[in-house]
Each structure stands twice: as C-alpha cells, then as structure tokens.
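Participant: Once you've had a glance at the structure underneath, I'll fire off some questions.
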Amino acid sequence: MHDPGQPARHSRTVLSLDPEVVGSLKDGINFKKSTDDGMWYIIYKDQQGELKACKNQCKHQGGLFIKDIEDLDGRTVRCTKHYWKLNVSTMCYVNPPESFTQDEFEVVMTDEGGLKLVEVIVHDPWLAEPRDLQKLQEGEMTVPWFCQPGVMDNHLDKLQTTFICHHNFCVEQ
Ligand code: FES
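Numbering (UniProt numbering), first residue to last: 1 to 173.
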C-alpha cells in the first residue's frame, strides 16, 4: 500500500545501455536483456532515430513477445502464449483490435550517448485510500466477469454493453 508520507509517483531505471550498444540499435524492433535482473525489453527505433521502449511482457498473461514474421513493416511483435500482437511504433495492441496499450518507458539519453529506460511508477489511488465494500442495492446492475477473450453483447433497458475480452468494456447509450 502507498504510504501517504511518500510521493504518489516515483521512477526507477530498468535498463541502461552504453553508447556502443545504443549505436548498434537497428531501425525497427530491438530486443535487449538486462544483465542486472535478466528481464527483456523492446526498443523500437523509427527512421528519424526516435526511440520507444517497453517491457517484453504481454499485458494479457505475461507472455514473451517475439518478432511477428507476418509483419512486413517491422513494427509488430507477437506473443508466444496466445498470439496477441503489439505494434511497438504506437504501443497499441493490434490483435485483439483496439484493446490495450502497452506501458511505455521514458527513454533518457545520457551526455555520453548511452541511454536509460525509466519506469514511472504511479501509486494506485484505490490501494492508497481503500474503501469498504458496499452492498449492492436493489435495481443496481451487476456485471459478470468473463475469463475468456471474446465479445459479448448484453442488452439492458437503455444500455447496450459490449464486452471486449475480460479487461475492457464499452458502453453505448
Ligand atoms: S499472454 Fe500474451 S496473448 Fe496471452
């Protein structure tokens, strides 16, 4: 739980690369492993030399990404567990479509030409100020929890609720 005496956000460096390694980054997708903790990271370099970076860890159930051989633009990686795809030039998952975005690291260049990937950690306000569970009152809606990715329409009086996999849902009036 977040200690109210501590700042609501802080940052930590998850990967440091020296100038030689930075110079060897190729255009497109690069996989890099931290020698400190053994974690893998993805660094995407566009044609202007701009860098984006994220963890090599799928948001679905933590699978590892590999290059997607069907991706001709060199921007998409594919999860080895259930084959979700992530466009690392936008950090949006493209399969399932319009679902998650991947959390990005800040890419900080050092004066010497190296770089650091910095994770900004924001404390969850729900954990910082927990509230007691409230009992549902008569007439309040309950939403079942689905364990399988998929789409389901649930028609209620004036609302149409579309569930897209088990983490997101959209409500249309
Ligand atoms: S863990 Fe990546 S698609 Fe399921």
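Glycine included, each C-beta is placed from N, C-alpha and C at the ideal position.
Would Cys58 count as contacting chain C if we go by Cβ distances under 8 Å?
Facilitator: Considering every chain present, this structure includes no chain C. It has just one protein chain.
Participant: Out of His10, Val14, Arg9, Pro19, state which residue places its alpha-carbon closest to the alpha-carbon of Thr110.
Facilitator: The candidate whose alpha carbon is nearest that of Thr110 is Pro19.
Participant: Here's the rule I'm using: 16 or more other beta-carbon atoms within 10 Å means buried, otherwise exposed. How should Leu15 be labelled?
Facilitator: buried
Participant: Starting from the Cα of Leu86, find the closest Cα among Trp126, Ser34, Lys116, Lys52 and give me that residue.
Facilitator: Its Cα nearest to that of Leu86, the residue Lys52 stands out among Trp126, Ser34, Lys116, Lys52.
Participant: According to DSSP, Cys54 sits in a beta bridge with which residue or residues?
Facilitator: Ile42, Glu104
Participant: Please classify Lys81: is it buried, with 16 or more other beta-carbons within 10 angstroms of its beta-carbon, or exposed?
Facilitator: exposed
Participant: Does the ligand FES have a heavy atom nearer than 7 Å to the CB of Lys55?
Facilitator: Relative to the ligand FES, Lys55 has its C-beta separated by 7 Å or more from all heavy atoms.
Participant: Does the beta-carbon distance from Val120 to Ser11 come in below 8 Å?
Facilitator: Closer than 8 Å, so yes.
Participant: Using a Cβ-Cβ cut-off of 6 Å (strictly less than) and excluding sequence neighbours within five positions of Ala8, which residues of its own chain qualify?
Facilitator: His123
Participant: Who sits around the ligand FES, taking every residue whose Cβ is closer than 5 Å to one of its heavy atoms?
Facilitator: Cys58, His60, Gln61, Gly63, Cys79, Lys81, His82, Trp84
Participant: Tell me whether Leu117 sits in a helix, a strand or coil according to DSSP, three-state version.
Facilitator: Looking at Leu117 - three-state DSSP - the assignment turns out to be strand.
Participant: Mind reading off the beta-carbon distance from Val88 to Phe105? Whole number of angstroms is fine, and I expect it under 8 Å.
Facilitator: Wrong, their Cβ atoms sit about 12 Å apart, outside the cutoff.
Participant: Could you check whether Cys58 and Trp84 sit closer than 8 Å to each other, using their CB atoms as the reference points?
Facilitator: Yes, the pair counts as a contact, with Cβ atoms nearer than the cut-off.
Participant: What three-state label does DSSP hand Leu127 in the structure shown?
Facilitator: helix
Participant: Count the other C-beta atoms from every protein chain shown that fall within 10 angstroms of the C-beta of Asp157, then say buried if there are 16 or more, exposed otherwise.
Facilitator: Unreliable placement is indicated for Asp157, whose pLDDT of 46 sits below 50; no coordinate value is reported for it.
Participant: In this structure, how does DSSP classify Gly74 when only helix, strand and coil are distinguished?
Facilitator: coil
Participant: Using DSSP with H/G/I as helix, E/B as strand and the rest coil, what is Cys22?
Facilitator: What sits at residue 22 in the sequence shown is Val, not Cys. Note: Val22 maps to helix in three-state DSSP.
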